[in-house]
Amino acid sequence: MSYALRRILVTFPLLLAVSLLVFALADALPGDAADWRFAKQPEAKEAWRKARGLDDPFLVRWGRYVAGFATRLDLDRSYQDDEPVGPELFRKLAATFELALCAMVLGVLVGLLVGILSAVFPRSPLDYLGSVLALGGISVPIFWLGMVLIVVAVKVLGFPFSTNRYDPALQERVADFRTHLYLLESLVRFRLDVLASCARNLLLPSLALSTIPMAVVTRMTRSAMLEEMGKDYATTARAKGLPARRVILKHVLRNALIPIVTATGLQFGQLMGGAVLTETVFSWPGLGRYIVASGVEARDTPVIAGGILLVATTFILVNLLVDLLYVLIDPRTRRAP
Amino acid sequence: MSRARRAFFRNRTAIAGLVMLGLVVLAAVAAPLAPYDPETRTDAFRSPPDADHWLGTDQNGFDVFSRVVFGARSALLVALAAVGFALAVGVPLGLVAGWYGGWVDGVISRVVDVMLAFPSVLLAVAIAAAFGGGSVRTVILAVGIVIAPPFVRQVRAAVLQVRSLDYVAAARALGANDARLLFRTILPNCIAPILVLATLNTGIAILDAAGLSFLGLGPPETYPDWGVMLTKARVYIQHDEQWMLLPPGLAISLTVLGFNLLGDGLRDAFDPRRRS
């Protein structure tokens, strides 16, 4: 069986196990929103629990939940008003996805550039900048950095800061959008006013969030480049007269990219979840903040389960994509051993 | 070991990390010498830094400097307890998985895979919420569980590397039972990677714990904890009251940086290829 096919097949049991853990955690939450909703009417609560099938055994409820999600992308209904939680969760997921994507792109671009340059010019000022980036990004709490960024950008530099995803005045310009990925869709539709508005509102949060992948990518790139540059094939390529720039960009970088791509994929998933802190600081209407504010604080179990399941599913699918991408970059993995 | 020790002490950045951590430990030990009690109200509220309150006071009238100093205790307690938990759970599981293989390894490794399929911050939030949230104990437990999987993986890999070596066969030939083989023969040879992982994860644990506190899943507002202090700072930066924002964040960064530098230094010292 080909590596790619096998890799796709193992994803299903993993998703199933993840959904079980999510469901169990949400189930273990002490108390739920219904306790408040039916505070003085125990009979109404009993009837409601019966109607929602909440008294069924755990595995039955889990099976029903998974079946609903797998067949209709249904994520159950809120305990507060019995409305489906899916649509709002997917809208928030889109906001988080765009935030994580921008942070990722920013972090990877800067990280690759600084990483390559520090490997090519070791002990230069750029190399030291690289170490500061690499250590700072994993040492400074992201939510604190976000607040410092707000103080500097908004208070000192007067950058217009908004907690919306786009300028509300542009409401009509996005009315016909099919998805909630406003940045990406306005790019595809080439609607520059919406694009500019989205990009401006995304700038500060994604800048804060990008420091994490920036640190990881800088560090990985530098060490992977240094390791590959010391190998025989790089020396051979230089010896046969290839210019250094060509050896580094064509030969060394391509080999060094393999571990970097893996790290990048893992980072993206972590960012989707880690964004919860950034979203809270910048009041970004994303999934992480929604899970904490509307799920954990209001004890709305379906919001917590559905939200975490969406993030974990995205995480797993992105990692799958990265592993498949691997096959393209590294021909050696095309045939399973 | 002595060669590793010499390599470590020649590494200037590792020493810098050690000095930073020394400062944090000093603050934690000498905390009672701080000018004010961290949980007693003074008569100044949200007042800027002055001679009486070196770093100002917060919304409860607590002295910010004293709280930063006492916060070192909370940070070290939470991080060391969480890493201790991860070690206590992760090392035995990794040993068993690597040594016995088969279905035992299958079950343990799949559980680790599932846990690693979650973004760690979100998993910590879910676990803290499931345990009820709101205390130092839940933070320790949530962070400890979240950082445990890498320990299982690392120990398992280390066992796989040494289990078929001659010295293990020799120990078995001498009549050592499984427990003795695992803990006396194999474990000592896996100490280096575990120590590096534990050091780096202490920094991660501090960041994760601060994040949980910031999200309101940590100890109550009066508790002197750097993450808790930052929760309210978010509100007050809008009034240009930055003295509540900078000190706790710098304290967290310094501590985590210290652990990262120390961890890097240990890794380089243990790895002969990295010694330059």
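Residue numbers (this note's numbering), protein chains in the order written: chain W, 1 to 337; chain R, 1001 to 1276.
By construction, the Cβ of each residue, glycine as well, lies at the ideal position given by its N, Cα and C atoms.
Computed from a predicted model, the values in this text were never measured in an experiment.
(request) Under 8 Å by Cβ, that's how I've got residue 221 of chain W and residue 115 of chain W pegged, so tell me the actual separation to the nearest angstrom. (result) Along the first sequence, one-based indexing puts residue 221 of chain W at 221. Along the first sequence, one-based indexing puts residue 115 of chain W at 115. At roughly 3 Å, the Cβ-Cβ gap stays under 8 Å, so residue 221 of chain W and residue 115 of chain W are in contact.
(request) Report the neighbours of residue 104 of chain W on chain R: residues whose CB is nearer than 8 Å to its CB, in chain order. (result) Taking the first residue of the first sequence as position 1, residue 104 of chain W is located at position 104. Correct list: empty, because the minimum Cβ distance to chain R is about 13 Å.
(message) Quick check on residue 1225 of chain R - is its C-beta less than 8 Å from some C-beta in chain W?
(response) Numbered from 1 along the second sequence, position 225 holds the residue referred to as residue 1225 of chain R. For residue 1225 of chain R, the answer is no, since every Cβ of chain W falls outside 8 Å of its Cβ.
(request) Could you work out which residue in R:1185, R:1155, R:1158 and R:1157 is closest to residue 1169 of chain R when comparing CA atoms only? (result) Numbered from 1 along the second sequence, position 169 holds the residue referred to as residue 1169 of chain R. The option with the nearest alpha carbon to residue 1169 of chain R is R:1185.
(request) Return the first residue and the last residue of the alpha helix (DSSP H) that residue 1260 of chain R is part of. (result) Reading the second sequence from its first residue, position 260 is the one you call residue 1260 of chain R. Counting along the chain, the alpha helix (DSSP H) containing residue 1260 of chain R begins and ends at 1246-1270.
(request) Taking residue 297 of chain W as part of the alpha helix (DSSP H), name the residues at either end of that continuous run. (result) For the purposes of this step, residue 297 of chain W is taken as residue 297 along the first sequence, with counting starting at 1. No alpha helix (DSSP H) contains residue 297 of chain W, which DSSP labels as neither H nor E.
(request) Note down the Cα distance separating residue 228 of chain W from residue 1099 of chain R, rounded to an integer number of angstroms. (result) Counted from its first residue, the first sequence places residue 228 of chain W at position 228. Counted from its first residue, the second sequence places residue 1099 of chain R at position 99. Near 34 Å, if we compare the C-alpha coordinates of residue 1099 of chain R and residue 228 of chain W.
(request) Taking all protein chains shown into account, decide if residue 235 of chain W is buried (16 or more other Cβ within 10 angstroms of its Cβ) or exposed. (result) Locating residue 235 of chain W in the first sequence gives position 235, where the first residue counts as 1. With fewer than 16 Cβ atoms within 10 Å of its Cβ, residue 235 of chain W is classed as exposed.
(request) Give me the Cα-Cα distance between residue 1241 of chain R and residue 1048 of chain R, rounded to the nearest whole angstrom. (result) Numbered from 1 along the second sequence, position 241 holds the residue referred to as residue 1241 of chain R. Numbered from 1 along the second sequence, position 48 holds the residue referred to as residue 1048 of chain R. If I take the Cα positions, the gap works out to 7 Å.
(request) Can you have a look at residue 278 of chain W and say buried or exposed, based on whether 16 or more other CB atoms are within 10 angstroms of its CB? (result) To locate residue 278 of chain W, count along the first sequence from 1; it is residue 278. Buried: at least 16 other Cβ atoms inside 10 Å.
(request) Quick one: using the 10 Å Cβ neighbour count with 16 as the cut-off for buried, is residue 1036 of chain R buried or exposed? (result) In the second sequence, counting from the first residue as 1, residue 1036 of chain R sits at position 36. Buried, because 16 or more other Cβ atoms sit within 10 Å of the Cβ of residue 1036 of chain R.
(message) Let me confirm a value: residue 243 of chain W is counted as buried when at least 16 other C-beta atoms fall within 10 Å, else exposed. Which label applies?
(response) Here the question's residue 243 of chain W lines up with position 243 in the first sequence. Residue 243 of chain W comes out exposed.
(message) I need the DSSP call for residue 1193 of chain R, collapsed to helix, strand or coil.
(response) Within the second sequence, residue 1193 of chain R is the residue found at index 193, counting from 1. Residue state, collapsed to three classes: helix.
(request) Measure how close the beta-carbons of residue 1154 of chain R and residue 1197 of chain R come, nearest whole angstrom, since I'm counting them as under 8 Å. (result) Within the second sequence, numbered from 1, the residue matching residue 1154 of chain R stands at position 154. Within the second sequence, numbered from 1, the residue matching residue 1197 of chain R stands at position 197. Residue 1154 of chain R to residue 1197 of chain R, Cβ: 5 Å. Contact.
(request) Measuring alpha carbon to alpha carbon, tell me which of W:263, W:96, W:179 and W:201 ends up nearest residue 163 of chain W. (result) As a working mapping, residue 163 of chain W is identified with position 163 in the first sequence. Checked all of W:263, W:96, W:179 and W:201; the closest Cα to residue 163 of chain W is W:201.
(message) At the level of alpha carbons, what is the spacing between residue 295 of chain W and residue 247 of chain W?
(response) Here residue 295 of chain W refers to the residue found at position 295 when the first sequence is read from its first residue. Here residue 247 of chain W refers to the residue found at position 247 when the first sequence is read from its first residue. When rounded, the distance between both Cα atoms is 52 Å.
(message) With a threshold of 6 Å on Cβ separation, who are the neighbours of residue 346 of chain W within its own chain once the five nearest residues in sequence on each side are excluded?
(response) A question about residue 346 of chain W goes unanswered here, because the residues of chain W that appear run from 1 up to 337.
(request) Answer yes or no: does any C-beta atom of chain R fall closer than 8 Å to that of residue 118 of chain W? (result) Numbered from its first residue, the first sequence carries residue 118 of chain W at position 118. Proximity of residue 118 of chain W to chain R, defined by a Cβ-Cβ separation below 8 Å, is not satisfied.
(message) Does the CB of residue 267 of chain W have a neighbour CB from chain R at under 8 Å?
(response) The count along the first sequence starts at 1 and reaches residue 267 of chain W at position 267. Taking Cβ atoms only, chain R never reaches closer than 8 Å to residue 267 of chain W, which makes this a no.
(message) Less than 8 Å between the C-beta atoms of residue 1218 of chain R and residue 1259 of chain R, yes or no?
(response) If you number the second sequence from 1, residue 1218 of chain R lands on position 218. If you number the second sequence from 1, residue 1259 of chain R lands on position 259. Against a cut-off of 8 Å, the Cβ pair of residue 1259 of chain R and residue 1218 of chain R comes out as no contact.
(request) State the DSSP-derived secondary structure class of residue 1163 of chain R, mapped to helix, strand or coil. (result) Along the second sequence, one-based indexing puts residue 1163 of chain R at 163. Here residue 1163 of chain R sits in coil by DSSP.
(message) Which residues of the region 18-35 of chain W have a Cβ closer than 8 Å to any Cβ of chain R? Give them in chain order.
(response) 18, 21, 22, 25, 26, 28, 29 and 30
(message) Within 10 Å of its beta-carbon, does residue 43 of chain W have 16 or more other beta-carbons around it, so buried, or fewer, so exposed?
(response) One-based indexing of the first sequence puts residue 43 of chain W at position 43. With fewer than 16 other Cβ atoms within 10 Å, it is exposed.
(request) Could you please give the first and the last residue of the uninterrupted alpha helix (DSSP H) stretch that includes residue 1084 of chain R? (result) Translated into the one-based positions of the second sequence, residue 1084 of chain R becomes position 84. Start and end: 1064-1100.
(request) In the DSSP assignment, find the alpha helix (DSSP H) that holds residue 182 of chain W and state where it starts and stops. (result) Sequence index remark: in the first sequence, residue 182 of chain W carries index 182 (1-based). Taken as a continuous stretch (DSSP letters only), the alpha helix (DSSP H) holding residue 182 of chain W covers 182-188.
(request) Mind checking the region 1239-1262 of chain R against chain W and listing, in chain order, the residues whose C-beta falls within less than 9 Å of any C-beta there? (result) Answer in chain order: 1240, 1242, 1245, 1246, 1248, 1249, 1250, 1252, 1253, 1254, 1255, 1256, 1257, 1258, 1259, 1260 and 1261.
(message) For a contact defined as C-beta to C-beta under 7 Å, what are the partners of residue 1237 of chain R on chain W?
(response) The count along the second sequence starts at 1 and reaches residue 1237 of chain R at position 237. Under the 7 Å cutoff, chain W gives 147, 150 and 151.
(message) Just to confirm, is the Cβ distance from residue 322 of chain W to residue 78 of chain W under 8 Å?
(response) Here residue 322 of chain W corresponds to residue number 322 of the first sequence, with the count starting at 1. Here residue 78 of chain W corresponds to residue number 78 of the first sequence, with the count starting at 1. Result no, Cβ atoms of residue 322 of chain W and residue 78 of chain W do not sit closer than 8 Å.
(message) Counting only Cβ pairs nearer than 9 Å, list the residues of chain R close to residue 270 of chain W.
(response) Mapped onto the first sequence, residue 270 of chain W falls at position 270. Neighbours of residue 270 of chain W on chain R, chain order: 1119, 1120 and 1121.
(request) Please state whether DSSP places residue 336 of chain W in a helix, a strand or coil. (result) The residue labelled residue 336 of chain W in the question sits at position 336 within the first sequence. Summary for residue 336 of chain W: the model assigns pLDDT 47, below 50, so the residue's position carries little reliability; its value from the coordinates is reported in the next sentence. DSSP places residue 336 of chain W in coil when its eight states are reduced to three.
(message) Please classify residue 1276 of chain R as buried or exposed, where buried requires at least 16 other C-beta atoms within 10 Å of its C-beta.
(response) Here residue 1276 of chain R refers to the residue found at position 276 of the second sequence. The pLDDT assigned to residue 1276 of chain R is 48, lower than 50, so where the model puts this residue is not dependable; a value taken from the coordinates is nonetheless given after this. Burial call: exposed.
(request) Evaluate the contact criterion for the region 1148-1167 of chain R versus the region 1176-1191 of chain R: three or more CB pairs, one atom per stretch, below 8 Å. (result) yes
(message) Please state whether the Cβ-Cβ distance between residue 99 of chain W and residue 197 of chain W is less than 8 Å.
(response) On the first sequence, position 99 is the one that residue 99 of chain W refers to. On the first sequence, position 197 is the one that residue 197 of chain W refers to. Their beta carbons are not under 8 Å apart, which means residue 99 of chain W does not touch residue 197 of chain W by this criterion.
(request) Report the residue from W:154, W:6 and W:183 whose alpha carbon sits nearest the alpha carbon of residue 167 of chain W. (result) Within the first sequence, the letter at position 167 stands for residue 167 of chain W. For residue 167 of chain W, the nearest C-alpha among the options comes from W:183.
(request) Answer with yes or no whether the minimum CB distance from residue 70 of chain W to chain R is below 8 Å. (result) Looking up residue 70 of chain W in the first sequence gives position 70. Judged by the 8 Å Cβ criterion, residue 70 of chain W is not in contact with chain R.
(message) Looking only at its chain, what residues have a beta carbon closer than 8 Å to the beta carbon of residue 89 of chain W, apart from the 5 residues adjacent to it on each side?
(response) In the first sequence, residue 89 of chain W corresponds to position 89, counting from 1. Hits under 8 Å: 75, 287, 290, 303, 306, 307 and 310.
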